[in-house]
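Structure, as structure tokens:
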Amino acid sequence: MLDKLLMYLQYPFVLRALTAGILIAFSASLLGVILVLRHYSYIGDGLSHVAFGAMSMSYVLGIVTQKMLIILPITVLTAILILRVKQKKVQGDAMIAILSTAALAIGYLLMNVFPVGANVSSDVCTSLFGSTSMLTLSSGEVWASVVLSIVVTGMMIFLYPRIFAVTFDENFAKVTGMKTDQINLILAVITAAVIVLAMNLVGSLLISALVIFPALSAMQIEKSFLRVLILSCILSVTGTVIGLFTSILIGTPVGSTIVLVYLGIFLLCFGIGMLPD
Amino acid sequence: MFWHRHVTRLRKGIILCTAVLIGFSIHGITYLSIPKNTQSSYDYDMTQYNKDMRYALTANIMNNPGEYIGKTIKADGTFFSYPEGKDKWRYAVFISDTMGCCSAGIPILMNDDFQRPENGAAITVSGTLEYIEYAGKQQISLQNTVLTVK
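These protein sequence lines are chains A and B, in that order. With our numbering as the guide, the letters of the first sequence map in order to residues 6 to 282. With our numbering as the guide, the letters of the second sequence map in order to residues 1023 to 1172.
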């Protein structure tokens, strides 16, 4: 088995998958802690469904090669709507559910009413389930994930105190004079960008898991914000590497294998958290 | 007191993690007996890979041809031919992923008088990946191809 793994590791596309996977896992886990603490755990799933709806729209409009011009603005606007607009009648989780299901329905309906090119089923498969997209990344896409991780890490380093304040008590932060709207806007834009780009690289199934599982797993063991952030990154990267290697070796789909590894890690952390001190 | 509690919990965690990793390794060594490509005479013997890896490698060959020029491959796939002009035919082997939703094809070069299988026939091909001139562009193709219908 080790021979097989070493053989595959010599392939450039496996190394690209590993690099992009680690970087995306790292970025998503950093954002995940903030989103889970703010009760937006399902935002990854919601925004990726919105991105799917936007992708369908771009196909119908005939904008296939430049589809990001449609997908990214729509998803960013949706993220702003979810994270910034405070509606008393429609709470955060309900707002995500409404937008997610509506966008998925619109996307699927558009693709049925306006049948488009031959590669659509492949794109649907790739954007929703990841399929083998992670193993077919180009060098440009790997560079995109490098830039993405630099932006997310930079945001966490430079805005850490403000993000901390907004995450735990937004009203108090606002009273102290902090521009919480700006922080929320930055978070919304970066969350949307991470989810859209990662969805194209690894699929919406995996990006939702990348946001939720490492953060929740880390919270089972650690209690301080910083420790949870660090442990979340470690667990996320570890889970991605184990999942990717497992899927390559036993021939299972990459996205779902990584998600199942995350589930295993979560159960393990949950067990550790339950242990008496 | 806090540190003592923390270290105890961490130690228990490490023991649990080690147990899981050992269990995983034993399971892997026992059950995952995958044939070794190192015994093959080809650079990439895709017949020994799982379906997703076959598709991934094929897609990468077509997307990043420069990395694979001069390499020998062997692959299982589906035969596809189409006429080009009056008496000229072009051929390709298509390789799909496990779900069958994604597929990629490698053009194959054959003599025109060879016994052409039906489109969709399951075939095994082997040969060397080289560039050919096609429609004014360089295109990667399988040359010196040996084709067998399964």
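Glycine is no exception: its CB is placed at the ideal position from the N, C-alpha and C atoms. If you're wondering where the values come from, they're calculated on a predicted model, not measured in any experiment.
Alpha-carbon to alpha-carbon, residue j and residue i
| i | j | result |
| --- | --- | --- |
| B:Glu1140 | A:Met161 | 58 angstroms |
| A:Val129 | A:Thr181 | 46 angstroms |
| A:Ala22 | A:Ser229 | 32 angstroms |
| A:Ser144 | B:Asn1082 | 11 angstroms |
| A:Val242 | B:Val1171 | 44 angstroms |
| B:Glu1155 | B:Pro1087 | 14 angstroms |
| B:Ser1148 | A:Met139 | 26 angstroms |
| A:Tyr267 | B:Cys1124 | 26 angstroms |
| B:Leu1054 | A:Ala107 | Reliability of the predicted coordinates at B:Leu1054 is poor, the pLDDT of 41 falling under 50, and no value is obtained from them. |
| B:Phe1024 | A:Leu280 | The predicted model places B:Phe1024 with a pLDDT of 49, which falls under 50 and marks its position as unreliable; any figure quoted below should be read in that light. Taking the straight line from one Cα to the other gives about 16 angstroms. |
| A:Leu11 | A:Phe275 | 33 angstroms |
| B:Asp1098 | B:Glu1152 | 19 angstroms |
| A:Lys184 | A:Ile168 | 11 angstroms |
| B:Met1075 | B:Asp1119 | 8 angstroms |
| A:Gly67 | B:Ala1143 | 34 angstroms |
| B:Ile1048 | A:Ile263 | Below a pLDDT of 50, predicted positions are generally treated as unreliable, and B:Ile1048, at 49, falls in that range; no measurement from the model is reported. |
| A:Val171 | A:Leu77 | 25 angstroms |
| A:Phe271 | A:Tyr165 | 26 angstroms |
| A:Gln225 | A:Ile277 | 8 angstroms |
| B:Tyr1071 | B:Phe1101 | 19 angstroms |
| B:Glu1089 | A:Ala99 | 48 angstroms |
| B:Ser1063 | B:Leu1164 | 16 angstroms |
| A:Ser209 | B:Phe1136 | 46 angstroms |
| B:Met1084 | B:Glu1106 | 21 angstroms |
| B:Asp1103 | B:Lys1096 | One point to set straight first is that residue 1103 of chain B is Ser, not Asp, in the sequence displayed. Going by the C-alpha atoms only, they are around 19 angstroms apart. |
| A:Ile39 | B:Leu1079 | 37 angstroms |
Where residue i sits in the DSSP three-state scheme
| i | result |
| --- | --- |
| A:Leu66 | coil |
| B:Leu1018 | Nothing about residue 1018 of chain B can be read from this structure; chain B reaches only from 1023 to 1172. |
| A:Gly208 | coil |
| A:Thr80 | helix |
| B:Thr1146 | strand |
| A:Ile195 | helix |
| A:Pro281 | coil |
| A:Val118 | helix |
| A:Val55 | helix |
| A:Gln15 | coil |
| A:Gly276 | helix |
| B:Pro1087 | helix |
| A:Thr251 | helix |
| B:Phe1136 | coil |
| B:Gly1099 | strand |
| B:Asn1072 | coil |
| B:Asp1067 | strand |
| A:Ser150 | helix |
| B:Asn1082 | helix |
| A:Leu164 | coil |
| A:Thr172 | helix |
| A:Gln71 | coil |
| B:Thr1167 | strand |
Contacts of residue i in chain A (Cβ-Cβ under 7 angstroms)
| i | result |
| --- | --- |
| B:Met1132 | What B:Met1132 touches in chain A: nothing, since even the nearest Cβ is about 25 angstroms away. |
| B:Glu1089 | Pro17 |
| B:Asn1082 | Phe18, Thr141 |
| B:Ala1078 | Phe18, Thr137, Leu140, Thr141 |
| B:Thr1150 | Residues of chain A passing the Cβ test: none, with the nearest at roughly 18 angstroms. |
Chain B contact residues for residue i, given Cβ-Cβ distances below 7 angstroms
| i | result |
| --- | --- |
| A:Phe169 | None at all; the shortest Cβ gap to chain B is about 21 angstroms. |
Where residue i falls, given that 16 or more other Cβ within 10 Å makes a residue buried
| i | result |
| --- | --- |
| A:Thr245 | buried |
| A:Glu227 | buried |
| B:Asn1166 | exposed |
| A:Thr80 | buried |
| A:Ala223 | buried |
| A:Asp186 | exposed |
| B:Ile1091 | exposed |
| B:Tyr1077 | buried |
| A:Pro219 | buried |
| A:Ile310 | Missing from the structure shown is residue 310 of chain A; chain A here goes from 6 to 282 and no further. |
Partner residues on chain A for residue i, Cβ-Cβ distance less than 9 angstroms
| i | result |
| --- | --- |
| B:Asp1074 | Ser136, Thr137, Leu140, Ser252, Ile253, Gly256, Thr257, Pro258, Val259 |
Residue i: contacting residues in chain B (beta-carbon distance under 8 angstroms)
| i | result |
| --- | --- |
| A:Ser143 | Asn1085, Asn1086 |
Cross-chain neighbours of residue i in chain A, by beta carbon under 8 angstroms
| i | result |
| --- | --- |
| B:Thr1100 | Residues of chain A passing the Cβ test: none, with the nearest at roughly 16 angstroms. |
For this session: Say whether the stretch 38-53 of chain A touches the stretch 244-257 of chain A, bearing in mind that this needs 3 or more beta-carbon pairs closer than 8 angstroms, one atom from each stretch.
Result: no
For this session: Count the C-beta pairs between the stretch 93-111 of chain A and the stretch 192-211 of chain A that are closer than 8 angstroms, then say yes if the count reaches three, no if not.
Result: no
Exercise. Taking contact to mean at least 3 C-beta pairs separated by less than 8 angstroms, is the stretch 55-67 of chain A in contact with the stretch 166-184 of chain A?
Worked result: no
Problem set entry | Cβ pair count under 8 angstroms reaching 3, the stretch 19-36 of chain A against the stretch 71-88 of chain A | no
For this session: Flag this pair as touching only if the stretch 1125-1134 of chain B and the stretch 1103-1117 of chain B have three or more C-beta atom pairs under 8 angstroms; answer yes or no.
Result: yes
Exercise. Would you call the stretch 145-152 of chain A and the stretch 23-32 of chain A touching, i.e. three or more CB-CB distances under 8 angstroms?
Worked result: yes
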